[in-house]
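Please read the structure below before turning to the comments.
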Amino acid sequence: MSDTLIRALSASGGIRVLTCSVSGLAREICLLQQASATVSVALGRGLAAGALLGALLKPGQRTALKFEGNGPMCKMIIEAEWDGAVRGCVGDPTAESEPKNGRWNVPGLLGHAGFLTVTRDLGLGGEPYHGMVQLRTSEIGADLAYYLTDSEQVPSAVGLSASLNEGSGVSLCGGFLVQALPKPDTAEIDGMMARIAEMPPLSALLQEGGAKAIMDRLFDGMVYNLLETRDAFFRCGCGREKVERALLTLGPYEINDMRDKEHGADVTCEFCRQRYRFDEAELEALAARSRASAGA
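Everything in the sequence shown is counted per numbering that gives the first Met the number 0, starting at 0 for the first residue and increasing by one.
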């Protein structure tokens, strides 16, 4: 079953629903991160959230979610692009937290004190938009719903799920985003909220039929228009030129210091774990470029 994003609108135009099944990309990213079991659950939920927000973007736009808490995982960063590309990383992929009441303890992993920052790059060349709220539950989906409702003034409900196999790898991952648009039908909203409250576990729906099974359950007995179905996939935005630009921001003194003390530099992408090696001659050339840029 391919990783899929589905976008739909109620017939009245008052409710927007997005669903996703992203088991493959979540499995791939968690393997790259060498994530522990509980980190895999948290990261899987975050990747599903990123995929759902990415489906709201227009061509050329990007968004990023940054969860920062006082727990052992420290942080989780998710980036999504308009075409379905998603990536993610965490502060400490080896972190763990004891289960609580028989459930994965994601709040204990992320921590209860911290912030969710959402960044949107509209692709217009200007400064990206930043919004921030305090973490309320650290359950990923609930905090995202709170951000969308409170900061962006779009009443939202979010459901996220990540399940592991016996080897602690991601077996199922996905979720939904439901949003009330201007002038919604009150009866439709009430019906939608009732169906959300009565939904079976998302893992069961993902196993049954992926993103479409979730969409069908949310709109059960209600007319809706299917707007789009697209693929979701992992893509990293790193590259040697991008790493060079990052090194140039250090300035000639710091670059030469790495050359003299470390005899080179190794930079590893936090998303895909690709390693970039710069030898002494390459660092010297970068230092010269940095000096020339500063003098321009």
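Note that the Cβ used here is the ideal one computed from N, Cα and C, for glycine as well.
Q. Looking only at C-alpha atoms, which of Q133, R119, L134 sits nearest to P127?
A. Indexing the sequence shown from 1 puts residue 127 at position 128. Nearest of Q133, R119, L134 to P127, Cα basis: R119.
Q | Cβ neighbours of E283 in the same chain (closer than 7 Å, five flanking residues each side left out) | A | Reading the sequence shown from its first residue, position 284 is the one you call residue 283. Answer for E283: R258, listed in chain order.
Q. What are the complete beta strand (DSSP E) segments, minimum 3 residues, inside the segment 93-170?
A. 113-120, 128-133, 155-163
Q) Which two residues bound the contiguous alpha helix (DSSP H) that contains A48? A) The residue you call residue 48 lines up with position 49 of the sequence shown. Looking at the DSSP string, the run of the alpha helix (DSSP H) that includes A48 is 36-53.
Q: Determine, using beta carbons only, whether G43 and A25 come nearer to each other than 7 Å.
A: In the sequence shown, the residue the question calls residue 43 occupies position 44. In the sequence shown, the residue the question calls residue 25 occupies position 26. The answer is yes: Cβ separation under 7 Å.
Q | Close-in-space but distant-in-sequence residues of the same chain around A212 (CB under 8 Å, 5 per side omitted) | A | In the sequence shown, counting from the first residue as 1, residue 212 sits at position 213. Excluding positions up to five away in sequence, the list reads L204, L205.
Q) Along the chain, which unbroken stretches of the alpha helix (DSSP H) at least 4 residues long are found entirely within the segment 238-279? A) 239-247, 251-261
Q.
Among Y252, S137, S96, R102, whose alpha-carbon lies nearest the alpha-carbon of A112?
A. In the sequence shown, residue 112 corresponds to position 113, counting from 1. Taking only the C-alpha atoms, the option nearest A112 is S137.
Q: Count the CB pairs spanning the segment 13-22 and the segment 161-172 that are closer than 8 Å, and state whether there are at least three.
A: yes
Q.
Let me check one thing: in DSSP terms, what residues is S20 bridge-paired to?
A. The residue you call residue 20 lines up with position 21 of the sequence shown. Note: S20 sits in a beta bridge opposite T3, G173.
Q: Can you say whether L123 is buried or exposed, counting buried as having 16 or more other CB atoms within 10 angstroms of its CB?
A: What you label residue 123 is simply residue 124 of the sequence shown in a count that begins at 1. So L123 ends up on the exposed side.
Q: Please determine, among G174, R239, G208, the residue with the shortest C-alpha to C-alpha distance to G49.
A: As a first step, residue 49 must be located in the sequence shown, where it is residue number 50. Answer by Cα proximity: G174.
Q.
the ligand NAD and A141: does any heavy atom of the ligand fall closer than 6 Å to the residue's C-beta?
A. The ligand NAD is not part of this structure, which contains no ligands at all.
Q: For the segment 29-41 and the segment 185-199, state whether three or more C-beta atom pairs, one from each stretch, are separated by less than 8 Å.
A: no
Q) What does a CB cutoff of less than 6 Å around E227 pick up in its chain, not counting 5 residues either side in sequence? A) Mapped onto the sequence shown, residue 227 falls at position 228. Cβ neighbours of E227 beyond the five flanking positions: R6.
Q) For the putative contact between L247 and R288, defined by C-beta atoms under 8 Å, what is the C-beta separation to the nearest angstrom? A) Taking the sequence shown and counting its residues from 1, one reaches residue 247 at position 248. Taking the sequence shown and counting its residues from 1, one reaches residue 288 at position 289. The pair is a contact, with the Cβ atoms about 6 Å apart (cut-off 8 Å).
Q) Counting along the chain, where does the beta strand (DSSP E) carrying K74 start and finish? A) The residue given as residue 74 occupies position 75 in the sequence shown. Its beta strand (DSSP E) spans residues 74-80.
Q: Ignore the nearest five residues each way along the sequence and tell me which others in G140's own chain have a CB closer than 8 Å to its CB.
A: Indexing the sequence shown from 1 puts residue 140 at position 141. Hits under 8 Å: R44, A48, V157, G158, L159, G174.
Q | Other residues of its chain near A286: CB distance less than 6 Å, five sequence neighbours each side excluded | A | Taking the first residue of the sequence shown as position 1, residue 286 is located at position 287. Excluding residues within five positions, the ones whose Cβ falls inside 6 Å are P251, I254, N255.
Q) Got a sec? Which residues, its chain only, sit under 8 Å from C29 by beta carbon, not counting five neighbours each side? A) Locating residue 29 in the sequence shown gives position 30, where the first residue counts as 1. Excluding residues within five positions, the ones whose Cβ falls inside 8 Å are V38, S39, L42, G43, G168, V169.
**Q.** Residue range of the unbroken beta strand (DSSP E) whose run includes G68
**A.** The sequence position of residue 68 within the sequence shown is 69, counting from 1. Here the beta strand (DSSP E) through G68 covers 61-68.
**Q.** Simplified DSSP assignment, three categories, for D215
**A.** Your numbering for residue 215 matches position 216 in the sequence shown. It is helical.
Q | According to DSSP, residues forming a beta bridge with L225 | A | Position 226 of the sequence shown, counted from the first residue, corresponds to residue 225. A7.
Q.
Here's the rule: buried if 16 or more other CB atoms are within 10 angstroms of the residue's CB, otherwise exposed. What is L225?
A. Position 226 of the sequence shown, counting from 1, holds the residue named residue 225. L225 comes out exposed.
Q: Give me the Cα-Cα distance between P183 and E243, rounded to the nearest whole angstrom.
A: The count along the sequence shown starts at 1 and reaches residue 183 at position 184. The count along the sequence shown starts at 1 and reaches residue 243 at position 244. Spanning the two alpha carbons is a distance of roughly 49 Å.
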